[in-house]
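Numbering (our numbering), first residue to last: 84 to 341.
Next comes the structure, spelled out in C-alpha cells:
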C-alpha cells in the first residue's frame, strides 16, 4: 500500500515522500506533515536505525496507511531532507545531546523552504485526483506548517493542525487561512504557553468578527479551535509519555467529521 516516491522542489531540491494508495479510486488526497523531533514510535529500541526519509517515522507511515484504507491518497513528505539526513533515533520529547545535535542543522530550514516542498506534493496529489480535494494534516512543527499551508497554498481544501508548535508566535499569529482549519490545542506545553494560545484564540475570534461585518451576514468561522484541558503537548502520539487516549480519540473524531 505504501511506497517511497522522489520529488523535486522548484529550487531543484530533491526529497522523498512516503505515498500510500487506497485500494480503490481515491476519494481525495491528504498531505501528512511530521513532527519536528519524532523519528520513530518505537521508544523501546533506543539504538540508531537508518531512516531513508528522516522525519517520516513508523508512526507517520502507519497513519498514512490508515488514511489510505479509508480511501485517500496520502503523501507524507520528508521535510528534514534540507537538514541532516539519514538516522532514526527513537521517539523523544526531552532534548538530549543527540537531539540537540540533530535539530541544530534543521534550524536554517526556513518555513518558506519547507513550504516549497509541501507545495510540490500538494500539486502532485492534486494532479493524481483532478476531481478530488487535497487536505493537509500536521503534528507539532508539521502542525505549524499545516497552518501556514492553509494560509498560503490555494489548492489546500481543508487543514488540521495538532498542537502546531510556533503557530502562536507573533509572526504567524495573524495569518488568514484560505480554507477551513481545525486546530487542536493542548492545555499545557513547553512549546506553547497558555498566554500565547489565548492570543491565538482571540486573533481568530477577531478575524471571524471582521468576516461577519464584511459579509453583512452569518458566516461560519474559518478556524475551529478545540482545547483539551487535561492534555499535554503531543497528546495524540501513541507510545509517548504525553499520549492522552481520551483527548486523542476526541480529536480524531472531530477531524474525521470535518
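For every residue, glycine included, the Cβ atom is placed at its ideal position computed from N, Cα and C.
Note that the coordinates shown come from a computational prediction; the quantities given were computed from them, not determined experimentally.
Practice problem: Could you tell me the distance, in whole angstroms, from the CA atom of residue 266 to the CA atom of residue 307? | Solution: 6 Å
Self-check item: Assumed close pair residue 148, residue 103 - CB separation to whole angstroms, cut-off 8 Å
Solution: 5 Å
Quiz item: Rounded to a whole number of angstroms, what is the C-alpha to C-alpha distance between residue 242 and residue 117?
Solution: 14 Å
Quiz item: Taking the alpha-carbon positions, what's the residue 235 to residue 84 distance?
Solution: 30 Å
Quiz item: Since residue 333 and residue 325 are thought to touch, with beta carbons under 8 Å apart, how far apart are those beta carbons, to the nearest angstrom?
Solution: Residue 333 to residue 325, Cβ: 15 Å. No contact.
Quiz item: Out of 150, 200, 107, 156, which has the shortest C-alpha to C-alpha gap to residue 95?
Solution: 200
Exercise. List the endpoints of the continuous alpha helix (DSSP H) containing residue 206.
Key: 194-211
Quiz item: Closest by CA to residue 224, which one among 108, 209, 245?
Solution: 245
Practice problem: Could you tell me how far apart the beta carbons of residue 155 and residue 213 are, in whole angstroms, since I believe they sit closer than 8 Å? | Solution: Incorrect: roughly 15 Å between the Cβ atoms, too far for contact.
Quiz prompt | Nearest candidate by alpha-carbon position, reference residue 251, set 91, 311, 303, 283 | solution = 283
Exercise. Can you have a look at residue 311 and say buried or exposed, based on whether 16 or more other CB atoms are within 10 angstroms of its CB?
Key: buried
Exercise. Measure the C-alpha to C-alpha separation of residue 288 and residue 299 and round it to an integer number of angstroms.
Key: 17 Å
Practice problem: With a cut-off of 8 Å on the beta carbons, I'd call residue 208 and residue 114 a contact; round off their distance for me. | Solution: 6 Å
Quiz prompt | Under 8 Å between C-beta atoms of residue 161 and residue 98 | solution = yes
Quiz item: Does the Cβ of residue 320 have 16 or more other Cβ atoms within 10 Å, making it buried, or fewer, making it exposed?
Solution: buried
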